[in-house]
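Numbering (the working numbering), first residue to last: 1334 to 1628. Report on one structure; see the data block that follows.
Below, the structure written as C-alpha cells:
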C-alpha cells in the first residue's frame, strides 16, 4: 500500500481525492463479502451510524493526513514520524481516559522522541508540511482509538471476533468515507480536481491505464492493509500486535528506501533505528507493567 501510494502521489496531485477514493474503495469490497456470504451482514441503525460519526471523522482525518505526508516527503520519513503514535497514545490515554501507566513506561518513550528528532534534523526530504501532517495523523488515529473505546461497540457485528472486527472496519470505513466526502468535494485537490490532475499525469508520460490501475490498486491495498491489521489484532495478544506493528514499520522503511532509492544520511539512519527500537522498548515495558499490575 505505501509503495503504491507514493508512486500514485508522485504523478497524481489530487491528495483529497486519493484519500477519499482509498476510503470508499472498502465499500464495494465489503458489499461483495456480504453479498457472497463470506461475511455476515451487520445490523446497524441510523443511531449507530451517528454514534460512529466522530470515530469515522477521526479515521478520515488520519487517512487524509497520512496521504498528504506521503505525497510530501519520503515514505521512510513519514513512518519514522508515525513511530511517535504510541507516545501520543500514552499521553492521550492519561488525559482523555484517565489511564495512567507506571512512570517507567513514560520514561521508555524517550528513545522514540530522541530518534525522531535525530532523523528529522538530518532528513534530506524534510518539509514542515510533511512532518506536520504525519504528526497530526498520529493525533487523529489516537483520537479514533480513544473514541472507538467509547462508541465502537455499536450494532450487531457478528458472533465471532474476526467477523466482528471485519464488520466494524467495514462500517467504520463507510462512515469515514461519508464524513470525508464534503471536504473531498470542496477543497483543492479534491474530487473536482481529478480531470486536471489526470490530464497533467497523462501529459507527463503516465499511461491512462497505469494511472487507473494505481488508483484502484491503492484503494484495494488500503482496505486490505487495514483489514489484515484488524484480523491480526483479533487473533493475538496486544503485545504481539505491537511488536508486529514495529516490525512492519521496519519493513516499510527498508523497502521504500530500496524501491525509491532515497538518499539516507548516517544521522537519519541512526535516528530511525533509535526511534524504532524505542517503540519496541515501550511496547515491552508497557506489557510488563500491565501484567504486573494484573497480578
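All residues carry an ideal CB built from backbone N, CA and C; glycine is no exception.
Cβ separation of residue i and residue j, assumed to be a contact under 8 Å, to the nearest whole Å
i	j	result
residue 1403	residue 1335	7 Å
residue 1337	residue 1547	6 Å
residue 1405	residue 1462	5 Å
residue 1282	residue 1372	Beyond the ends of the chain as shown, which are 1334 and 1628, falls residue 1282; an answer cannot be given.
residue 1524	residue 1353	7 Å
For residue i, three-class secondary structure by DSSP
i	result
residue 1489	strand
residue 1594	coil
residue 1346	coil
residue 1579	helix
residue 1670	Beyond the ends of the chain as shown, which are 1334 and 1628, falls residue 1670; an answer cannot be given.
residue 1538	coil
residue 1371	coil
residue 1418	helix
residue 1293	In this structure the chain extends from 1334 to 1628, so residue 1293 is not present and cannot be described.
residue 1358	coil
residue 1439	helix
residue 1520	coil
residue 1334	coil
residue 1428	helix
residue 1407	coil
residue 1563	helix
residue 1446	helix
residue 1434	coil
Check whether residue i and residue j have beta carbons under 8 Å apart
i	j	result
residue 1452	residue 1604	yes
residue 1358	residue 1556	yes
residue 1590	residue 1597	yes
residue 1623	residue 1579	no
residue 1455	residue 1355	no
residue 1424	residue 1607	no
residue 1466	residue 1394	no
residue 1588	residue 1508	no
residue 1413	residue 1586	yes
residue 1491	residue 1375	yes
residue 1552	residue 1444	no
residue 1563	residue 1502	yes
residue 1409	residue 1595	yes
residue 1470	residue 1415	yes
Residue(s) in a DSSP beta bridge with residue i
i	result
residue 1329	Outside the modelled stretch of the chain, which goes from 1334 to 1628, sits residue 1329, for which no answer is possible.
Is the region 1339-1347 touching the region 1528-1538 in the sense that three or more CB pairs, one from each, lie closer than 8 Å? yes
Examine the Cβ distances between the region 1549-1564 and the region 1364-1373 and report whether three or more of them are shorter than 8 Å. no
Tell me, please, whether the region 1433-1450 touches the region 1374-1390 by the rule of three or more beta-carbon pairs shorter than 8 Å. no
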